[in-house]
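These notes concern the structure reproduced below.
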Amino acid sequence: IKAGGLCTDTYGTPTFLESFGAGNSEYSSATPASLGFTTTYTDKGRPTPDGSFTIVNDVPHDYNTWINGTDHTGNAGGYMMLVNAAGTPGEVFRRTISGLTPGIRYQFSAFISNINYGYNQIKPNINFNIVTATNDTVASMSSGDINETQTLQWKKVGMSFVSPLTTLTLVMVTNAPGGSGNDFVVDDISLAPCIQST
Numbered sequence: 533i534k535a536g537g538l539c540t541d542t543y544g545t546p547t548f549l550e551s552f553g554a555g556n557s558e559y560s561s562a563t564p565a566s567l568g569f570t571t572t573y574t575d576k577g578r579p580t581p582d583g584s585f586t587i588v589n590d591v592p593h594d595y596n597t598w599i600n601g602t603d604h605t606g607n608a609g610g611y612m613m614l615v616n617a618a619g620t621p622g623e624v625f626r627r628t629i630s631g632l633t634p635g636i637r638y639q640f641s642a643f644i645s646n647i648n649y650g651y652n653q654i655k656p657n658i659n660f661n662i663v664t665a666t667n668d669t670v671a672s673m674s675s676g677d678i679n680e681t682q683t684l685q686w687k688k689v690g691m692s693f694v695s696p697l698t699t700l701t702l703v704m705v706t707n708a709p710g711g712s713g714n715d716f717v718v719d720d721i722s723l724a725p726c727i728q729s730t
């Protein structure tokens, strides 16, 4: 099954939305397990070295090329997932969703921002995959390179696909190698039905 771009029409109430919650502390006490997803990255807190992640409500100044900024959701103290990607591709996010309607077109999307403002660094590039319980790929699409900006700017990326099953798994995988750059934040990961089903 081929993936399409983001819904060209409007989309309905999300079947699933991960906004990572909110809180007064800069670093969230939530874990992937408590939020219901898995990742191959390790929660290191601060600092956040290559191959690790943390859940924060403000990008910390761990490195002098990181852009300060807050989450996409816009709620007070809203958290986001910060990833310092490893040297090899890794799973940023994996979550199984049930209760889907076969034949309906859904949009799998997230808001992502490159948090490096230094040029000539590796740009984040994320693959969005829809897989079955046996890890067979239903649909897949790359975000393409997420370019540097001078201030934190959120970019909505993802794809649409027609669901063949009632249960599928959402997976986000880094495509780019780690090293200098490839640092990003992600927020508001969602799966929502497109209004105009095909």
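Taking the working numbering, I'd label the letters of the sequence shown as residues 533 to 730. No residue lacks a Cβ here, since even glycine has one placed at the ideal position from N, Cα and C. Treat the numbers as computed from the prediction; the structure is a model and nothing was measured.
**OP:** For the stretch 652–686, list the beta strand (DSSP E) runs that are entirely contained and at least 3 residues long, ordered along the chain.
**Re:** Entirely contained in the stretch 652–686, the beta strand (DSSP E) runs reaching 3 residues are, in chain order, 658–663, 669–674.
According to DSSP, is A535 helix, strand or coil? Along the sequence shown, read from residue 1 onward, the residue named residue 535 stands at position 3. Coil at A535, not helix or strand.
* To do: Have a look at Q682 and Y611 and give me their C-alpha separation to the nearest angstrom.
  => For this step, residue 682 is matched to residue 150 along the sequence shown. For this step, residue 611 is matched to residue 79 along the sequence shown. The straight-line gap from Cα to Cα measures roughly 21 Å.
I'd like to know whether the C-beta atoms of D590 and E558 end up nearer to each other than 8 Å. The residue given as residue 590 occupies position 58 in the sequence shown. The residue given as residue 558 occupies position 26 in the sequence shown. Yes, they are a contact pair.
Checklist entry - Which whole-angstrom value describes the C-beta separation of R637 and S692, a residue pair presumed to lie in contact below a C-beta threshold of 8 Å? => result Position 105 of the sequence shown, counting from 1, holds the residue named residue 637. Position 160 of the sequence shown, counting from 1, holds the residue named residue 692. About 5 Å separates the beta carbons of R637 and S692, which is inside the 8 Å limit, making them a contact pair.
- request: Taking only the alpha-carbon atoms, compute the straight-line gap between L549 and S722 and give it to the nearest angstrom.
  value: Here residue 549 corresponds to residue number 17 of the sequence shown, with the count starting at 1. Here residue 722 corresponds to residue number 190 of the sequence shown, with the count starting at 1. If I take the Cα positions, the gap works out to 4 Å.
Review point. Do T586 and R578 have their C-beta atoms closer together than 8 Å?
Key: The residue labelled residue 586 in the question sits at position 54 within the sequence shown. The residue labelled residue 578 in the question sits at position 46 within the sequence shown. Yes, Cβ-Cβ distance for T586 and R578 is below 8 Å.
Self-check item: Counted within 10 angstroms of its Cβ, other Cβ atoms place S630 as buried (16 or more) or exposed
Solution: By 1-based counting over the sequence shown, the position of residue 630 is 98. Exposed: under 16 other Cβ atoms inside 10 Å.
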